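Participant: Dropping the structure in here first, questions after.
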Amino acid sequence: MRLLLPTFIVVLCLCGGALHAADLSDQEHNTARKLYLVRCAKCHKLYDPAGYSDSEWASWMVKMNKKAHLNSDQAKLLARYLDSVRTERKADGKKTAYSP
Numbered sequence: 037m038r039l040l041l042p043t044f045i046v047v048l049c050l051c052g053g054a055l056h057a058a059d060l061s062d063q064e065h066n067t068a069r070k071l072y073l074v075r076c077a078k079c080h081k082l083y084d085p086a087g088y089s090d091s092e093w094a095s096w097m098v099k100m101n102k103k104a105h106l107n108s109d110q111a112k113l114l115a116r117y118l119d120s121v122r123t124e125r126k127a128d129g130k131k132t133a134y135s136p
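My numbering numbers the first residue of the sequence shown as 37 and each following residue consecutively.
Right, here's the structure in full:
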């Protein structure tokens with residue numbers, strides 16, 4: 037049961053993120069980017085979010101949110117940010133080098 041709630045939240049954020057990703061304010065964008073750089077890069081290199089299928093990415097988000105000790109608001113914001121990155125990178129055809 038403990039795993040179902042975080043999984044549901046991430047899937048909900050990823051599915052709904054496409055509708056709201058463009059709605060990130062400058063402050064939200066900067067906060068989410070900082071979270072990504074500080075919390076994610078703390079333990080591993082930064083992977084290109086567009087290099088994964090939706091289901092693969094959702095699965096990784098569940099695992100990594102727990103390891104990064106993100107609260108639910110941080111997890112939602114990071115999911116929206118990364119969904120916008122994924123959408124932009126996929127639209128671009130990943131032609132440009134990935135840089136958060």
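The beta carbon of each residue, even a glycine, is placed where N, CA and C say it ideally should be.
Fair warning: this is a prediction, and the values are worked out from it, not measured in the lab.
Rounded to whole angstroms, how far is the Cβ of Y117 from the Cβ of Y88, which I believe are closer than 8 Å?
Facilitator: Contact flag wrong, Cβ pair sits at about 15 Å.
Participant: Would R125 pass as a contact of A77 if the rule is Cβ separation under 7 Å?
Facilitator: No. Outside cutoff.
Participant: For M100, which residues of its own chain have a beta-carbon under 8 Å away from its beta-carbon, when the five flanking residues on both sides are left out?
Facilitator: Excluding positions up to five away in sequence, the list reads C76.
Participant: Where does S120 land, buried or exposed, given buried means 16+ other C-beta within 10 angstroms?
Facilitator: S120 is buried by the Cβ-count criterion.
Participant: Let's see if you can read the secondary structure: which residues bound the alpha helix (DSSP H) around V121?
Facilitator: Its alpha helix (DSSP H) spans residues S108 to D128.
Participant: For A68, I'd like the list of residues in its chain whose CB is within less than 6 Å of its CB, leaving aside the five on either flank, ordered along the chain.
Facilitator: The answer, listed in chain order, is L113, L114 and Y117.
Participant: Regarding D62 and the ligand FMN, is the C-beta to nearest heavy atom distance less than 6 Å?
Facilitator: Annotation note on the ligand FMN: not contained in the displayed structure, which lists no ligands.
Participant: Just the Cα atoms here: how many angstroms apart are L106 and Y83?
Facilitator: Straight-line Cα distance between these residues: approximately 18 Å.
Participant: Would you give the residue range spanned by the alpha helix (DSSP H) that V98 belongs to?
Facilitator: Run containing V98: D90 to K103, per the alpha helix (DSSP H) assignment.
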